[in-house]
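Visitor:
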Amino acid sequence: MLKLNGLKKTFGANTAVAHASVHLNQGEILCLLGPSGCGKTTLLRLIAGLEHPDSGTIIYDDQDVTPIPPHKRGFGMMFQDYALFPHKDLFDNIAFGLEMRGDPLASIKQRVQEMLTLVELEGFGSREIDHLSGGEQQRVALARALAPGPELLLLDEPLGALDRALRERLMIDLRTILKRVGVTAVYVTHDQTEALAIGDQVAVMNNGRIEQIAPPQEIFAYPKSPFVARFLGFHNIIDGIVLDTGQIKTAVGTFSLNQSQAQTAGPLTLLIKPTGTRFSKTALDQAVLVNILHIGFYGRYFQITIEVPPLDHNDHAISLIFETVTANYQQGDQLYMSVNPDQLHVF
Amino acid sequence: MTPFLRKLYPYRHWAFLLPLLFFGLFYFYPLGAILQLGLAPDGRLQLSHILDFLSDGYFLSILWFTFWQAVVSTLLTVGLALPGAYIFARYQFWGKATMKAIMTLPFVLPTVVVANAFTALLGPRGLLNEAAQTWLGFSSAPITLERTIWMILLAHVFYNYSVALRMISGYWQNLNPDLVEAAQMLGASPWRAFWKVNWPLLRPAIFAATVLVFTFSFTSFGVVLILGGPGFSTLEVEIYRQAVNLFDLPIAAALSLLQILFTFVLMWFYTRSQAGLTRPLRLKSARATVRPIKTLFDRIMVGGNLGLMFILLASPLLALVSRSFLTDNRLTFQFYRQLTVNERGSIFFVPPGWAVFNSVAIALVTMVIAVGLGLISVYLIATDTAARTQHQNHRLWRIRGWLDPLFMLPIATSAVTLGFGYIIALNKPPLNLRQSLILVPIAHALVAIPFVIRAVLPALRRIDPKLREAATLLGADAPQVWRQIDWPLMRRAVLVGAVFAFTISMGEFGATVFIARPNMPTMPVAIFRFLGQPGELNYGQALAMSSLLMLVCAIGFIAIERFRLGDEGEF
Amino acid sequence: MRKIYSILAVSLLLLLTAACTPSGPVTLTLMTHDSFEISEETIAAFTEETGIIVEILKSGDGGEMVNKAILAKDDPLADVLFGVDNTFLSRALDNDIFVAYDSPALANIDASLQLDSQNRALPVDYGDVCLNYDKAWFADSDLEPPTGLEDLADPAYSGLTVVQNPATSTPGLAFLLATVGHFGEDGYIAYWESLVANDLLVTNGWEDAYWGEFSGASDGTRPIVVSYASSPPAEVLFAAEPIDEAPTAAVVGDGSCFRQIEFVGILQGTEHQEEAQQLVDFMLGATFQEDIPLNMFVYPTNSNATLPDVFAEHSLIPANPATVDPSAITANREAWIDAWTTTVLR
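Chains as they are written, first to last, in our numbering: chain A, 5 to 351; chain B, 24 to 594; chain C, 11 to 356.
Below, the structure written as structure tokens:
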């Protein structure tokens, strides 16, 4: 459906997008996830046609759309702060794309009504844009982008300007609406929860490169790099050494892994999954003794920060973060921690 | 947009040549010709005579006076217009459109007529002095402003107030009032909120107005010559004296060049500072920002400003109009009746209807040229991403940084110098236009284009480029994007520019442009014909024609302001 | 409306002449100053008589017009120039913009008016720049109206006079020349010093003096103004309500006025020299000359021309105006103006 082949875009000396390749099927939602400045918005604008790639092609529906100007691509876009036309009312904003296409007035009216129903803003047609709340503006922007029935919808941090509670609710609404309409979408965000909840595919970008692209469960289970893992919200990334025995020696213990068949001897990096540890005040098998540095209460869970003595005396102590439902410990306590080798992920 | 224009669209970049060509042919070429003739008649610079003059204390005193009176005039004008701009931007009140039209009228009036209105009001036998003597018991006239610097400053405020007010209020009315409220909620007093929020946001418009008013005051001619009297002289007056009375072209050329260079440097610094200052803003419809007058503060604000405008602007105009209906303190319509009579069968008689037609026709042509070329120029100048497309990043485009100050130069150029330039430069085909009718609106447009540019540029720069992108992704092609986004969001500013282009042309009596006038007498030309001869009837007719000029202009302003394409709120 | 049609007709004719030269009628361009006025009939009479069409090109005030004609010398803007006066004559002649023409009409013109012996510039009208005073003001006061220049220096006349800056105004320059002629090159500065001591008011132009300061014609407070000997008849002719007596009068005592003579000349480079000569002859002839007074409020140079009644009644021709030799004007004009400026304005 949508294929990006080796897209590259530089601004002066600064490479915004470096060799990005993506394949997206009809009706799928791709989330571009990454920190600010990683090039995700530029990639979106390249797909939209608002920027022109230095090299590479954009294929949509087996057709090379790279040379086609944005207004002829038939893609829709929802902007970060919506870019609603302040000089037009709600109805005229939604009708804009239909007017541009030269639809007859009657069908424009009908379509706008459908859109208003879709985003649950029936009867708001004559409202001025300045008189809408943030959530309402967001829905108008979505309706405006969807009204011409684009085959591909581009969304640039569409929930970025909203508060957390509203964002979580609209996140679900947004995916529901997109799925109901059946539109193929590319969705830019820096929030991993949003990306995992909305995307059929999640692409994590770093420094203009796509580090990994995969369905949400897969990318969450098997992040390809420490960067991806960190950006997906994992905290506990530690160093290890592969011994001649094939075992991996780390600060939290030495493990035999079935997952990593062909590890060659030398240093590597591992991720301890959030659910991969047990704590106890009494000694456990294969456990290391750790200090509790800090306990924070987050409502539904506690976050414990612990300090693990280093593997090598020259190194610093490692601090790790875990979430637990109950925490009958105190700051400064010493605990035994054991790690389940199945919950270790080697990069 | 018609299919024909759509077909032309791919070649639109060639349109950028139009203003360049226009300025090249009708400004730089004749100016260069006259400067060359003045400074180097035999091909070699002859500087000793000029340097003698420039090092004379007389010249330095003129330069200093020109500068400081312009600074004071500008501060006064912008300072007084700022609160006025606020009420026009923020309040809904009765008669707003009419008041705005009346305010702009001074701009079209010949200085002799204005001088007279001032004398009628402030002169030793004027209204105020007589009232002071009758009611307040003064033994002699207490107000003695005639031929003082105060009169010059007052007249500069009178002429330029509306420039500042229109430019600032037009910009102000689309600023989001929430921003000021937000600042006040953060503990800022209204005064601090203004300085911290409105001032920085308004700065582009305020600076644009300041630069225009300063340039006008710096190059002031009629006001200084007539209201200031022989005791005062600006550079522009001195240029006129040297060029016309003494026919010393080297000095006139040197002074003109100096005045142009000074303005260019000023404009260069100004445009440099501005290009970065104007940021895209989220705009609000004027309909959403005006409010009715409710509180005591509102009443004081609106009442105070309208009162000031009445005293400053309307009362001299009223004095003038009332005199056109009075002879020996009796009501008369004779001056108006007489306008239609060609008593002595003069070949120069022009029926008032015909004069109105000529004036309006020339003004409309001027307006079309000025707005058309001004809009193209604005896109040429705008260096931010707003108006830039991919392939324009070429090095050639960097010269645009110079264009903005260059386009401003006509209003800083002595009219007599340029007029002489036309005579020696526009004499060969295809430019043998010295006696052509089209040279009149061309010369007017040259002065009007800087207004259009100053008015529209801030409005163009503050359009959020995302709006254009949104429209593009919704399927609008470039002409449609312009029509749907740029135009409605700039229209207010374009209309401000159009009003001034119209006004400049209506008030231009030809003598200040110094081009040979073909036989198409306008209203100001008729006024000057009457003023040139003694006799009460002549004077009365001059006042009647002036009043008619004001009426036609007022109707013109209101008509231009009402001009709408679709109903898209007020931006 | 006839005017509209004639303009349309003229422009149509112009188009036609442009399209099919040289068979069409000749069009002459007459360059003149802004104060030029003449009746439509007179111009029509010329066209009828000769078949030549006249286009009039107003080109600013007297000085400006001469400057433009000089600048356009190589490529003249017009065929004939009307209205260069004796204060600017030398500038025009020195720059050689005219072709000499010994018009037969010169026979009817007083020799004293013919300042150019080569007849490049031919006298076409003259007028006297004189002091005017407000009759009503003097009737209300104990003071007698002035009779000569000396009166103005009398302390009794303190604060009564308004004059124009000779650097920016033609009548102002003429009045300065009157004082030079009357008091001599050695005495005029002392006279101006006494005027300054007597609270003299100076404006830059005639309009602001007459319409702004002169009590006889405005809200102004000065009952004495520098204007023309013919201003009083103009006040009668252009009264708002018909009046018999002029509200103002001119001071025409010996040596108190300066005679401004206006000249007409054929411009170098004209392609229609013969037709231009016909126009000059016409302008010096009776029809045109008799039309001059009521249009421009100056006198015809042709002694055969009869004056209109209102002129005969209300205007006085000074018998002995102050005179300054034209070559002396050429040589000293700038120096006199500079000396005046230093004395009066600084």
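Backbone N, C-alpha and C define an ideal beta-carbon position, used for all residues, glycine too.
(1) For residue 588/B, decide whether its Cβ has a neighbour in chain A, counting only Cβ atoms nearer than 8 Å.
(2) With a cut-off of 8 Å, does the C-beta of residue 73/B fall near any C-beta of chain C?
(3) Output the distance between the C-alpha atoms of residue 175/C and residue 525/B, rounded to the nearest integer angstrom.
(4) Is the shortest distance between the beta-carbon of residue 390/C and the beta-carbons of chain B less than 8 Å?
(5) Quick check on this structure: which residue in 137/A, 34/A and 15/A has the alpha carbon closest to the alpha carbon of residue 183/A?
(6) Take residue 240/A as the anchor and find which of 248/A, 348/A, 299/A and 161/A has the nearest alpha-carbon.
(7) Closer than 7 Å by C-beta to residue 298/C: which residues in its own chain qualify, once you throw out the five before and the five after it? Chain order, please.
(8) Quick check: what's the CA-CA separation for residue 246/A versus residue 270/A?
(9) On the CB-based measure, 16 or more other CB atoms within 10 Å of its CB, does residue 28/C come out buried or exposed?
(10) Can you tell me where the alpha helix (DSSP H) holding residue 155/B begins and where it ends?
(11) State the beta-bridge partners of residue 133/C as determined by DSSP.
(12) Return no unless some Cβ of chain D is closer than 8 Å to the Cβ of residue 427/B.
(13) Where do the ends of the beta strand (DSSP E) carrying residue 26/A lie?
(14) Leaving out five residues before and five after residue 48/B in sequence, what residues of the same chain have Cβ atoms less than 7 Å from its Cβ?
(15) What does the alpha-carbon distance come out to for the pair residue 249/C and residue 312/B?
(16) For chain C, find out if any of its Cβ atoms is closer than 8 Å to the Cβ of residue 52/B; answer yes or no.
(17) Opposite residue 143/C in the DSSP bridges: which residues?
(18) Could you tell me the alpha carbon to alpha carbon distance between residue 190/B and residue 191/C, rounded to whole angstroms?
(19) Can you tell me whether residue 350/C is buried or exposed, with buried defined as 16 or more other CB within 10 angstroms of its CB?
(20) What residue ranges within the region 273 to 327 of chain A form continuous beta strand (DSSP E) runs of no fewer than 3 residues, ordered along the chain?
(21) Counting Cβ pairs, one atom from each stretch, are 3 or more of them under 8 Å apart for the region 344 to 354 of chain B and the region 506 to 523 of chain B?
(22) Reducing DSSP to helix, strand and coil, say where residue 24/C ends up.
(23) Note down, in chain order, every chain B residue with its Cβ under 7 Å from the Cβ of residue 27/A.
(24) Using a Cβ-Cβ cutoff of 9 Å, what residues of the region 33 to 60 of chain A are near chain B? List them in chain order.
(25) Note down, in chain order, each residue of its chain lying with its Cβ closer than 6 Å to the Cβ of residue 347/C, except the 5 sequence neighbours on either side.
(26) Starting from residue 340/C, trace the alpha helix (DSSP H) in both directions and tell me its first and last residue.
(27) Residue 259/A by DSSP, collapsed to three states: which one?
(28) Roughly how many angstroms separate the alpha carbons of residue 44/C and residue 210/C, rounded to a whole number?
(29) Would residue 100/C pass as an interface residue toward chain B - the criterion being a Cβ-Cβ separation below 8 Å?
(30) Please confirm if residue 358/C has its CB atom under 8 Å from at least one CB of chain B.
(31) Just checking, does the region 79 to 94 of chain A make contact with the region 159 to 175 of chain A on the three C-beta pairs under 8 Å criterion?
(32) Select from 293/B, 54/B, 126/B and 503/B the residue whose C-alpha is nearest the C-alpha of residue 275/B.
(33) Between the C-alpha atoms of residue 535/B and residue 295/B, what's the straight-line distance to the nearest angstrom?
(34) Within the same chain, show all residues whose beta-carbon is closer than 8 Å to that of residue 69/B, passing over the 5 residues directly before and after it, in chain order.
(35) Leaving out five residues before and five after residue 254/A in sequence, what residues of the same chain have Cβ atoms less than 6 Å from its Cβ?
(36) In or out: residue 72/B buried (at least 16 other Cβ within 10 Å) or exposed?
Guide: Looking at the coordinates:
(1) The predicted position of residue 588/B is uncertain, since its pLDDT is 44 and thus under 50; no value can be drawn from it.
(2) It does not; no Cβ of chain C falls within 8 Å.
(3) 34 Å
(4) Given a span of 11 to 356 for chain C in the structure shown, any question on residue 390/C remains unanswerable.
(5) For residue 183/A, the nearest C-alpha among the options comes from 34/A.
(6) 348/A
(7) 52 and 292
(8) 5 Å
(9) Its pLDDT being 44, under 50, residue 28/C is placed unreliably by the model, and nothing is read from it.
(10) 150 to 158
(11) 273/C
(12) No chain D appears in this structure, whose protein chains are A, B and C.
(13) 18 to 28
(14) Excluding positions up to five away in sequence, the list reads 454.
(15) Computed Cα separation, rounded: 55 Å.
(16) Contacts with chain C at 8 Å (Cβ-Cβ) do not include residue 52/B.
(17) 234/C and 259/C
(18) 55 Å
(19) buried
(20) 281 to 284, 292 to 301 and 306 to 312
(21) The way I'd put it, the region 344 to 354 of chain B doesn't touch the region 506 to 523 of chain B; fewer than three beta-carbon pairs between them come closer than 8 Å.
(22) Per-residue confidence for residue 24/C stands at a pLDDT of 45, beneath the threshold of 50, marking its modelled position as unreliable; no derived number is given.
(23) Here the premise fails: no neighbours, minimum Cβ distance about 23 Å.
(24) 49, 52, 53, 54, 55 and 56
(25) 176 and 177
(26) Note, residue 340/C: alpha helix (DSSP H), 336 to 354.
(27) Strand at residue 259/A.
(28) When rounded, the distance between both Cα atoms is 29 Å.
(29) no
(30) Only positions 11 to 356 of chain C appear in the structure, and residue 358/C is not among them; the question remains open.
(31) yes
(32) 54/B
(33) Annotation note: pLDDT 44 at residue 535/B (below 50); position unreliable, coordinate value reported separately. Looking at the two C-alpha atoms, the distance is approximately 31 Å.
(34) Here the set comprises 62, 63 and 273.
(35) 242 and 244
(36) By the neighbour-count rule (16 or more Cβ atoms within 10 Å), residue 72/B is not buried but exposed.
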